[in-house]
Amino acid sequence: MKNSRLMQALADGLIRPVARCVASAMVGSAVIGAAVGGASMLMASSPAQAGMVVSSEDELILKDGRIIQGELLEETETEVKFRIVVGSLSAIRTYPRSEVLAVTRGTEAKPESAKQPKDSMSADGSSGGPSVYVMELTGEWGRDIAVPPIRDMLKDAQQYKPDIVVLVIDNFYEDAFGNEFSDDKLERFDIFAVEEIEPLFTHEVPVEWGYEPRWVVWVKNAMGGAAPLPFNFEEIYFAPEGRMGGIGYLIYSWGTMGDKVVREKQLSLRLGHLEGMAIRGKHDPMIIRAMSEMRMEMCYSMEGGKAVLHKRLPESPNEILLTDNGTLEEFQDDMQARVRGNTNDALTLKADLAQALGVSKGTVSSIDELLWELGIQREARLLDSKSERITERWKDSLVRAERLMPKLAREYQEIQVQGDYNERRAARSRRIAKLEQLIRLIRQYEGVLNPRQYGLPDEAQMQVWIEEIKQEQIKDRR
Amino acid sequence: MMKRLTNILAMAVAVAAIAMVSPMAYATDTIVLADGTTLEGEIVREVNGAVWLKTTVGGLESTKFYGPAQVKEIRRDSGDEPAPETPVNRRAEAADTNARTGGTRIAVVTLEEMVGTYMSAKPLLDAIPALEEEGVDVVVLKINSGGGALLEIQRLQDAIVTELKPRFRVVSWIESAISAAAMTSHVVEDIYFMPEGNYGACTGWSGQLVAMKGRGLEEVLYSMEKASAEGRKDPKIMRSMQIDEPLSATIDDYGQVTWFQNEDGDYLVNTKGNILTFNSVDAEKYGFSKGTVSTIDELARAMGYSEYEYVGEKVDGLLFPVSKAEKQMREWREGIARAEKRLAEFRAKYDISVANADGAQDKRLRGTFLGRATRELAQIERIIRDHPNLALFQMNAMPEQVEEWFRQQHELLDRIRRRD
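Right, here's the structure in full:
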């Protein structure tokens, strides 16, 4: 199972992150012969990476025309075992002989280090199975789960060079008194909330780490702003009580403001972004659309053990309704359904449904169970993740910042510019210092703390205040 | 109506002209498929009954794989000798007339962020000498923008159509092209998507979500009809991206897509009342995009190149090498970001300095504030000179109005300076 996603991506020719890694390893203008397939790009790696790259390759040609390059490990009458090497990462995959058209062997020797498979050696030098970093994204989306702590978690993970990163998503979805929202609570949601966080995983990691780990998402609660994030990844598992949704309010985001056609435009571009995330994770974009577009009618039927989605209401008894047009009065969920969590105005995925629709690969109640589902429960090495501590530290610092911001504002107001010249000058300096402290806080918690919540202006206005104080000082006379 | 008919005829002639180009490469091998289809080209590789056939259409090379079960018969140009099992390139074996390192030279140029400021015609035009200097054949416009100002669309389209296209093959590679960004890209014939790509939502609006109406709207619709013709796209597609008109399509057995500005086609692409944004799957399904690719090498192959070279230097963290033109483009965006921030700051400081100079009774003190105001005004002028579009977006004025404002400010400072 190890690195199967990468292998699949390679086998499918979907090697964008790898290409990034390779691109960053290329010096100047590398000429790349494409006739031998995407994996040939690996050969353009710089000498700096030569120790990790196979200098000559065996070639596996599949019957569908795909050409995979790497190292032939074993050939039997029924299967071919092949190591795919990408930058600093290798992965082993066994192909049924029936899928293989031919195997050709490379001739040049491989560097010693390239012969050392990564999967048999951990980052700390110990041998063993795949290394697994568990990253807990817990708390309020956009506040506790925000760009700065996630960056810190990713840095923590990066040092281990994990084979697998398990993203545990469990965002709070509750009111100010800690009462959990029901499934039909349609949170005010905007796509931009997730668009800040998603690129950290999908864009920054492959670049910063030099490879893409196998991402596994475990959904405990991905509601509201968190709902689109799992769609970016192919391997999603649910907790038994897991939920994903709560974004059907999108259609009402602009109320009755302006013209309907412009509101439709706003909706359309957001749906385009959301669908793009689903497509990136190889999920049917109709599912995320049903989650976020309350007007959408969708049902499904099971055909050959697989769910087939239909963009309409059911037309036969074996078709199961997912969502009706919740904007029409006759279809709106009634109180009975809403209280019992049986709503269908907008789609909320729960464990069983997510699995039935193929979004979830399984339902697990613990990390051990998840590793078992991944087939690595015996050999997997759980890394010492600091993600929980990072989140706690971030939450604490946020609380401190929230206290500090109004305190600084109050102190700024309390500084009276009076007395003799030196006292006035000192008072102005103290006022400037308070404003500069506030600006530092605003920058540090940008996007998380809003100064306007505390009756403060934005940074630009504070800069103007500082300038005014400086010019007042110029005007002042002894 | 006649104009649109002319456009359609022109497109038909152009398509016919391309179709008339023989799909021959450097040798003519023929394979007959199991379904009776006959294909001509150059067999560049054969393994266990499977063949890779290279064809050239309209100057574009592409190599396709046909499995043993698909191939019924092979007729070779050079007798019965099969192609080797390792890939060959007869073109490379022939005398290479290309004085460069070989292959098609491709440069990726990014168009990002707000149209009108960050994504604008000026840096694109400024990039042309660098592209020529680096011997670029193909310019990939990698687009990631949520849209912006309507007025910049025509400038960008003109830059692409009249300056870039005559010099280079131009393709778009879409990460996100919303509104003005999609309208810009629409003049490009060959559009490729990234898997997460999206394209559309081109409704013009202003203020509190107020839609363009009347003559203004009609002019934009007409402008995009012309852009559609330039980019060889059915104008109905863009129309459904602009206004809430339905769009449906029918795909025949040959993959030919026929569009309808109603819901009568086999596939409902946009329901009446909605605005269209394509995702990568639908864009490819309906032939709007030429393909969905994640990497520059997939892109090169999708464009039909087997020998190619991406121009530029490696930069950590980027999907593609950075050419000189792309470097300029990045510097432009960085400059805009700095300028935006500085402009607001200088304007605020300038206002304070002028007010203090105006109110100062003491001549020396007045001189101090005047000095500050003069320096700040000079900074504002420099920023607007380097980034003229900021006049509109930050000062809410057309360039000529800003010129007038500068003149008035100099007069004001002179008046204050001359005061006893």
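So the sequence lines, in the order shown, correspond to chains U and W. Residue 1022 in this note's numbering is what sits at position 202 of the first sequence, and the numbering runs on without skipping anything. Residue 1331 in this note's numbering is what sits at position 356 of the second sequence, and the numbering runs on without skipping anything. Glycine is no exception: its CB is placed at the ideal position from the N, C-alpha and C atoms. Only a predicted model underlies this, so the values are computations on that prediction, with no experimental measurement involved.
| Asked | Found |
| --- | --- |
| Going along the chain, which residues of its own chain have a beta-carbon closer than 8 Å to the beta-carbon of Ser1203/W, five neighbours each way excluded? | His1161, Asp1209, Pro1210, Ile1212, Met1213 |
| Would you say Leu1203/U lies against chain W (beta-carbon separation less than 8 Å)? | no |
| Select from the stretch 1342 to 1359 of chain W all residues with a C-beta closer than 9 Å to any C-beta belonging to chain U, and list them in chain order. | Thr1343, Phe1344, Arg1347 |
| Please state if the CB of Ser1207/U and the CB of Glu960/U are separated by a distance shorter than 8 Å. | no |
| Rounding to the nearest angstrom, what Cα-Cα distance links Lys1295/U and Leu1228/U in this structure? | 26 Å |
| Does DSSP put Ser866/U in a helix, a strand or coil? | Reliability fails at Ser866/U, whose pLDDT of 29 lies under 50, so the model's placement of it is uncertain and the value that follows must be treated cautiously. The answer is coil: DSSP assigns Ser866/U none of H, G, I, E or B. |
| Quick check: the stretch 1236 to 1249 of chain U against the stretch 1201 to 1215 of chain U, are at least 3 beta-carbon pairs closer than 8 Å? | no |
| Would you mind working out which of Ile1166/W, Asp1228/W, Val1136/W sits nearest Lys1201/W, comparing C-alpha positions? | Val1136/W |
| How would you write the range of the beta strand (DSSP E) that Gln1396/W sits in, first residue to last? | Shown here, chain W extends from 976 to 1395; a query on residue 1396/W therefore has no answer. |
| With a cut-off of 8 Å on the beta carbons, I'd call Thr1252/W and Gly1175/W a contact; round off their distance for me. | 4 Å |
| State the DSSP-derived secondary structure class of Ile889/U, mapped to helix, strand or coil. | Here residue 889/U is Gln; the residue named in the question, Ile, does not match the sequence. If DSSP states are grouped into helix, strand and coil, Gln889/U belongs with the strands. |
| Measure the CB-CB distance between Gly1267/U and Val967/U and report whether it falls below 8 Å. | yes |
| Along chain U, in chain order, which residues have C-beta atoms closer than 8 Å to that of Ala1319/W? | Ala1280 |
| Quick check: the Cα distance between Asp1299/U and Gln1197/U, rounded to an integer number of angstroms? | Here chain U covers residues 821 to 1298 and nothing more, so residue 1299/U does not appear. |
| Out of Glu1087/W, Arg1020/W, Tyr1041/W, which has the shortest C-alpha to C-alpha gap to Arg1305/W? | Glu1087/W |
| Let me know if Glu1000/U comes out buried or exposed under the rule of 16 or more other beta-carbons within 10 Å of its beta-carbon. | exposed |
| What are the boundary residues of the alpha helix (DSSP H) that Ala1221/U is part of? | 1207 to 1234 |
| So Gly1092/U contacts chain W; which residues on that side make the cut at Cβ distance below 8 Å? | Ser1151, Ile1153, Asn1173, Tyr1174, Gly1175, Ala1176, Thr1252, Phe1253, Asn1254 |
| Since Glu1095/U meets chain W, which of its residues come closer than 9 Å, beta carbon to beta carbon? | Glu1171, Asn1173, Thr1252, Asn1254, Ser1255, Val1256, Asp1257 |
| Within 8 Å (strictly less), CB to CB, does Asn1371/W reach chain U? | no |
| Give the C-beta separation of Leu1184/W and Arg1083/U to the nearest angstrom, bearing in mind that I take them to be a contact with Cβ-Cβ under 8 Å. | 6 Å |
| Where does Asn1446/W sit, in a helix, a strand or coil, going by DSSP? | This structure leaves residue 1446/W out entirely; chain W is present only between 976 and 1395. |
| Between which two residues does the alpha helix (DSSP H) containing Ala1204/W stretch? | 1189 to 1205 |
| Is any beta-carbon of chain U found at less than 8 Å from that of Ser1323/W? | It is worth fixing the name first, because residue 1323/W is Ala in this sequence and not Ser. Yes, contact with chain U. |
| With DSSP run on the structure shown, which of helix, strand or coil describes Leu1086/W? | strand |
| Using three-state DSSP, classify His1130/U as helix, strand or coil. | strand |
| Spell out whether any CB of chain W is found under 8 Å from the CB atom of Leu1020/U. | no |
| Where in the stretch 963 to 1018 of chain U do unbroken runs of the beta strand (DSSP E), each at least 3 residues long, occur, reported from the N-terminal end onward? | 984 to 991 |
| Between the stretch 1219 to 1226 of chain W and the stretch 1239 to 1247 of chain W, can you find at least three pairs of beta-carbon atoms closer than 8 Å? | yes |
| Which residues mark the beginning and the end of the beta strand (DSSP E) in which Asp1079/U is found? | Taken as a continuous stretch (DSSP letters only), Asp1079/U belongs to no beta strand (DSSP E), as it is neither H nor E. |
| Where does the unbroken beta strand (DSSP E) through Ile1018/W begin, and where does it stop? | 1013 to 1022 |
| Please determine, among Pro1019/U, Glu1055/U, Phe1053/U, Gln978/U, the residue with the shortest C-alpha to C-alpha distance to Gly1030/U. | Gln978/U |
| So, with DSSP's three-state summary, where would you put Leu1126/W? | helix |
| Look at the Cβ atom of Leu892/U, then the Cβ atom of Val923/U, and state whether they are nearer than 8 Å. | yes |
| First and last residue of the beta strand (DSSP E) that includes Pro1060/U? | 1055 to 1065 |
| With DSSP collapsed to three states, give me the class of Val1159/W. | First, the residue type needs correcting, since residue 1159/W is Thr and not Val in the sequence shown. The answer is helix: DSSP assigns Thr1159/W an H, G or I state. |
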